[in-house]
Structures are given as structure tokens and as C-alpha cells.
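Below is one structure, written out as C-alpha cells, with a few remarks after it.
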Amino acid sequence: CTSTTVRLEYDESPVVERILARAATVTGHPLDRVENLVLVRYTPGQQFRLHHDGAMRPMTVFTYLNDVPEGGETRFPHLGLQIRPTLGSAVMWSNTIDNGDGFVADRRMDHEALPPKDGCEKFAMNCFINRERQRDCS
Numbered sequence: 001c002t003s004t005t006v007r008l009e010y011d012e013s014p015v016v017e018r019i020l021a022r023a024a025t026v027t028g029h030p031l032d033r034v035e036n037l038v039l040v041r042y043t044p045g046q047q048f049r050l051h052h053d054g055a056m057r058p059m060t061v062f063t064y065l066n067d068v069p070e071g072g073e074t075r076f077p078h079l080g081l082q083i084r085p086t087l088g089s090a091v092m093w094s095n096t097i098d099n100g101d102g103f104v105a106d107r108r109m110d111h112e113a114l115p116p117k118d119g120c121e122k123f124a125m126n127c128f129i130n131r132e133r134q135r136d137c138s
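Residue 105 in the UniProt record's numbering sits at position 105 of the sequence shown; the count goes up by one each step and never skips.
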């Protein structure tokens, strides 16, 4: 990974709290399972190679914070899917699949962040849902 990242804590601001609450609602998971937000910035040539977000994270919500005119796509090679970053849009996916014995990593969800082209930057926000409790929300 060659991007720059910043983590935003749950109680850092009311805006962060609202974003995390919305993620819990749209994914159908309890708020205490939502990890801290991760803001990412990719400059020309920076990328995140093919990876999986982990079986410990049943879901991911990835929100694009700007338009990227060239490059910067999120690519899911096993699905033949490539998503162009568009301001305000989000991609949500399940990272796990029930194999009959429990939930395991769904390797179809392997993905990568392609590098923005010259003169372009990509800003986005990762919101991961975790199997384990992340905070006390009472």
C-alpha cells in the first residue's frame, strides 16, 4: 500500500459519530462493531495492491470523497468489476461467505486500488464492520 491514511476515532466529532451510525444502519450491524473510519489519499502512481479486507470484517463500506478523472478505480478482478471514483458514491460489499461450517473469507471480494493518473488525486473513506466489539456505545 502506498497511500496516506488517517484514522478518525468514534468520539472525535459529531460528524464521525453520524457517519459510523449510518454505516451501522446500512449494513445492518450493531454500532459497536463499526471500526474507526480510515481516510485515504492516493496521489499519482500510488496504489493498494490486490488484497482482501479479512474474514474478521464481514462488510466494508468504501466512500469516494472526490471525482477522479483518470485512474484511481477500485477493481474486483474475480468479479470483472471496476468502479470509477465519483464524489459522494459508495461501494458496499460482504467480505465473507458461509461455507456450511461457518463464515470464511469470500475471495471473490479480493480488490485493489488502481493508481490515479498524472495530475489526479483520490480521496476516500474506509468503513469496516468487524466481528468483534470495537467500543462501548452505551
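By construction, the Cβ of each residue, glycine as well, lies at the ideal position given by its N, Cα and C atoms.
{"Asked": "Between which two residues does the alpha helix (DSSP H) harbouring T60 extend?", "Found": "T60 -> not in any alpha helix (DSSP H); beta strand (DSSP E) instead, spanning M59 to Y64."}
{"Asked": "Among P14, T4 and D136, which one has its Cα closest to the Cα of P44?", "Found": "T4"}
{"Asked": "Touch check for the stretch 16–24 and the stretch 95–108: three-plus C-beta pairs under 8 Å?", "Found": "no"}
{"Asked": "With three or more C-beta pairs closer than 8 Å as the rule, is the stretch 52–59 touching the stretch 8–22?", "Found": "no"}
{"Asked": "Could you please give the first and the last residue of the uninterrupted alpha helix (DSSP H) stretch that includes E17?", "Found": "P14 to T27"}
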